[in-house]
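Residue numbers (UniProt numbering): 1 to 178.
Using N, Cα and C, we set each Cβ at its ideal position, and we do this for glycine too.
Right, one structure below, let's go through it.
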């Protein structure tokens, strides 16, 4: 049976596009949150998503133990008398995994969406990711949902990562979700 309605009227007479769709930044932040759900870390689930200028995802990561390491044998504790009995010396952060999992030659001009502000080590890694000069970082922007700094290093610093990203030419913006 042939449809005799005018083109565009099949969806109840509406001819315009849907207006409540996700913006690109909201979509990529949601991908970061979804990726974070893969983490087995009982205290913090972090996800990261790297996107090229054409809005194509080129890397995704979440915090977890290194590939090939049995995560049932390594500690997941945040605090212990001995630092080696915590997760901190073992866990690979989401930002590192997103960079290592990238499916492109470099991340020039890309944007990283990450759930929490990067630690000092990840801040340096983001700047160095394929960068030929600290003034021209290839991973140009970090969008984060929370500016809460993670105490994920041996000597946590609240200003170090922010200063590193600032001086490294990385701009961080607070993201939003619907």
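Looking at the ligand PLP, does it come within less than 7 Å of residue i, judged from the CB to the closest heavy atom?
i          : result
residue 89 : Of ligands this structure carries none, so the ligand PLP is not represented either.
May I ask which residues mark the beginning and end of the alpha helix (DSSP H) holding residue i?
i           : result
residue 123 : 120-128
residue 54  : Taken as a continuous stretch (DSSP letters only), residue 54 belongs to no alpha helix (DSSP H), as it is neither H nor E.
residue 100 : 94-100
Quick one: grab the DSSP three-state call for residue i.
i           : result
residue 36  : helix
residue 105 : coil
residue 114 : strand
residue 179 : Since the displayed the chain opens at 1 and closes at 178, residue 179 lies outside it and no answer follows.
residue 31  : helix
Spell out whether any CB of chain B is found under 8 Å from the CB atom of residue i.
i          : result
residue 17 : Protein chain content of the structure displayed is limited to a single chain, and chain B is not contained in it.
Quick check on residue i: buried or exposed, where buried means 16 or more other Cβ atoms within 10 Å of its Cβ?
i           : result
residue 14  : exposed
residue 116 : buried
residue 105 : exposed
residue 49  : buried
residue 68  : exposed
residue 154 : Confidence in residue 154 is poor, its pLDDT being 43 and thus under 50, which makes the residue's placement unreliable; the coordinate value appears in the next sentence. Its Cβ having fewer than 16 others within 10 Å, residue 154 is exposed.
residue 45  : buried
residue 20  : exposed
residue 43  : exposed
residue 120 : buried
inquiry  = Using 8 Å as the cut-off, can you tell me whether the segment 72-86 makes contact with the segment 103-122, which would need three or more C-beta pairs spanning the two stretches below that distance?
reply    = no
ask   = Counting pairs of beta carbons, one from the segment 96-103 and one from the segment 50-69, are three or more of them closer than 8 Å?
value = yes
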